[in-house]
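Chemist: To start, I am sharing the structure in question, which I have written as structure tokens.
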Amino acid sequence: MNKEKILKLPKLDLHCHLDGSLSQSFLESTLGRKFSMDELSVSMECSSLVEYLEKFDIPLSAMNSRENIEQATIDVMRSAAEENVRYIEIRFAPLLSVTDSLSTEDVIESVISGLKEGYRLYDIYGNAICCAMTHHDIEASKSMFKIAREYYKDGVAGLDLAGDEANHPIKEFSELFKYAKDLGMNFTIHAGEAGPKSNIEGAIEYGAKRIGHGIAMRDDEKLLKLAKDRHIGIEMCPISNYQTKAVGKKDIYPYSDYIKRGLLATVNTDNRLVSSTSITDEILFLQKKNMINDDEILQGIKNAIEVSFASDDIKDTLLKELGKQVLL
549 MNKEKILKLP KLDLHCHLDG SLSQSFLEST LGRKFSMDEL SVSMECSSLV
599 EYLEKFDIPL SAMNSRENIE QATIDVMRSA AEENVRYIEI RFAPLLSVTD
649 SLSTEDVIES VISGLKEGYR LYDIYGNAIC CAMTHHDIEA SKSMFKIARE
699 YYKDGVAGLD LAGDEANHPI KEFSELFKYA KDLGMNFTIH AGEAGPKSNI
749 EGAIEYGAKR IGHGIAMRDD EKLLKLAKDR HIGIEMCPIS NYQTKAVGKK
799 DIYPYSDYIK RGLLATVNTD NRLVSSTSIT DEILFLQKKN MINDDEILQG
849 IKNAIEVSFA SDDIKDTLLK ELGKQVLL
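This note's numbering numbers the first residue of the sequence shown as 549 and each following residue consecutively.
Rendered as structure tokens:
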């Protein structure tokens, strides 16, 4: 499948961080100065997840008002729509933008407003995922989850946990995700990117519908079977996984293997700006390495529709659009 055909496919992006996906032009106009791409993104020579995460300081500084957060969301919707992403779940950590003059409600409402305006302007469906951070106090995260519940199914589609996975094992968050389950909300959890496979197992036990990255389970037959049997969505982000060294430079990326095993693996961007990527670029990247074929591209899109937190109506629409494009 060539680039033109991939661009025409109706695609989804289920793992896309708002702060890591802002455009260079948005940051320059919002912050009033020029930036080099070296300041905003990493290359394949990035040494670790820690180095990768350093690139978030600049974009986070731009998310400092209701207007800027709304416009940031619209900016990501625009860039996704340009490559025919038809549905996107934009995740963000509300508590990272809270100030004396900006409440958790303000932050969440601004993202939701941006999603609605992005749909109006670019005809792209979108939902928000609210992230707790591993370094935040559990009680503060629970309070944020409670507020997010007020917007559930009305812009907010689910919850997440992100941050320094290696130094904060999943067992630290059993109380938090029991609370999320009690709230009756869908949630995904970053697991098995920079941390051990036990984090993936724990996330599944807690009730996560999807796993962010899921690289660490690639050689564990028991865990792979568990993920398949539980119909767990795997949000894979190839380029960032190589950049953060979750996958070694010469390692074979496990996406194709997961698909062959019947896992609900999907291709996502993680951070469009920090990784200088798009869904199209992610697919082409794997294609160039002979790590994906045409059937696996289409299966990944079907999987994404199935495991997305979209409404059934949107899922039906996306399946019909995909079917029409495949027949062309």
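The beta-carbon is built from N, C-alpha and C at its ideal position, and this holds for glycine as well.
Quick one: what's Y700 bridged to in DSSP?
Modeler: According to DSSP, Y700 bridges with V704.
Chemist: Taking the alpha-carbon positions, what's the E749 to S859 distance?
Modeler: Cα to Cα, E749 sits roughly 27 Å from S859.
Chemist: In its own chain, which residues sit with a C-beta less than 7 Å from the C-beta of D887, not counting the 5 before and 5 after it?
Modeler: Residue 887 cannot be examined here, being either before or after the span of the chain that is shown, 549 to 876.
Chemist: Out of L821, Q572, Y670, which one is the CA nearest neighbour of S591?
Modeler: The option with the nearest alpha carbon to S591 is L821.
Chemist: Taking S824 as the reference, which of L562, Q572, P558 has the closest Cα?
Modeler: The shortest C-alpha separation from S824 is found at Q572.
Chemist: Among Y673, E720, E599, A629, whose alpha-carbon lies nearest the alpha-carbon of T865?
Modeler: The candidate whose alpha carbon is nearest that of T865 is Y673.
Chemist: Under 8 Å, with one C-beta from each stretch per pair, do the segment 791 to 798 and the segment 827 to 834 reach the 3-pair mark?
Modeler: They do not touch, by the three-pair rule.
Chemist: Check for me: the beta strand (DSSP E) holding G762 runs from which residue to which?
Modeler: From DSSP, G762 is part of no beta strand (DSSP E); its letter is neither H nor E.
Chemist: Which word fits G706, buried or exposed, when buried means at least 16 other C-beta atoms lie within 10 angstroms of its C-beta?
Modeler: So G706 ends up on the buried side.
Chemist: Could you tell me the distance, in whole angstroms, from the CA atom of S612 to the CA atom of S645?
Modeler: For the record, residue 612 in the displayed sequence is Asn; it is not Ser. About 6 Å.
Chemist: Out of curiosity, what's the CA-to-CA distance linking T814 and I787?
Modeler: Their backbone Cα atoms lie some 13 Å apart in a straight line.
Chemist: Whole angstroms is fine: what's the gap from V659's alpha carbon to M585's?
Modeler: In a straight line, the C-alpha of V659 is about 25 Å away from that of M585.
Chemist: Does the distance from the C-beta atom of I636 to that of D561 stay below 8 Å?
Modeler: Yes, they are a contact pair.
Chemist: Could you check where the alpha helix (DSSP H) with A620 kicks off and where it finishes?
Modeler: From DSSP, the alpha helix (DSSP H) with A620 extends over 614 to 629.
Chemist: Measure from the alpha carbon of Q873 to the alpha carbon of each residue in K556, V704, D648, F693, then state which is nearest.
Modeler: Answer by Cα proximity: K556.
Chemist: What does the alpha-carbon distance come out to for the pair Y754 and C594?
Modeler: Cα to Cα, Y754 sits roughly 32 Å from C594.
Chemist: DSSP on Y667, reduced to helix/strand/coil?
Modeler: DSSP places Y667 in helix when its eight states are reduced to three.
Chemist: Considering only C-alpha positions, which residue in the set N616, L575, D567 is nearest to L601?
Modeler: Among N616, L575, D567, the Cα nearest to that of L601 belongs to D567.
Chemist: Taking all protein chains shown into account, do 16 or more other C-beta atoms lie within 10 angstroms of the C-beta of N851, making it buried, or fewer, making it exposed?
Modeler: Answer is buried; the Cβ neighbour count reaches 16.
Chemist: DSSP three-state label for I606, please.
Modeler: Of the three classes helix, strand and coil, the one that applies to I606 here is helix, per DSSP.
Chemist: What residue range is occupied by the uninterrupted alpha helix (DSSP H) comprising Y790?
Modeler: Where Y790 is concerned, the enclosing alpha helix (DSSP H) stretches over 786 to 791.
Chemist: Could you check where the beta strand (DSSP E) with F640 kicks off and where it finishes?
Modeler: Note, F640: beta strand (DSSP E), 633 to 640.
Chemist: Just checking my contact of V624 with S569 at CB under 8 Å: how many whole Å lie between their CB atoms?
Modeler: Indeed they touch by this definition, with Cβ atoms about 5 Å apart.
Chemist: What alpha helix (DSSP H) runs, 4 residues minimum, are completely inside the segment 792 to 852?
Modeler: List check, alpha helix (DSSP H) in window: 803 to 808, 827 to 836.
Chemist: Rounding to the nearest angstrom, what Cα-Cα distance links F721 and I763 in this structure?
Modeler: Rounded to whole angstroms, F721 to I763 spans 20 Å at the Cα level.
Chemist: Quick check: K719 and T736, are their CB atoms within less than 8 Å of each other?
Modeler: Result no, Cβ atoms of K719 and T736 do not sit closer than 8 Å.
Chemist: Of the residues N734, P802, Y667, which one's Cα is nearest the Cα of Q619?
Modeler: Looking at the Cα atoms, Y667 is the closest of the given residues.
Chemist: Looking only at DSSP bridge pairs, what is C564 linked to?
Modeler: Beta-bridge pairing links C564 to I638, D818.
Chemist: What is the C-beta distance between A751 and L597, in whole angstroms, given that I count them as a contact (C-beta under 8 Å)?
Modeler: The pair is not a contact, with the Cβ atoms about 17 Å apart (cut-off 8 Å).
Chemist: Measuring CB to CB, does D768 end up less than 8 Å from K745?
Modeler: Against a cut-off of 8 Å, the Cβ pair of K745 and D768 comes out as a contact.
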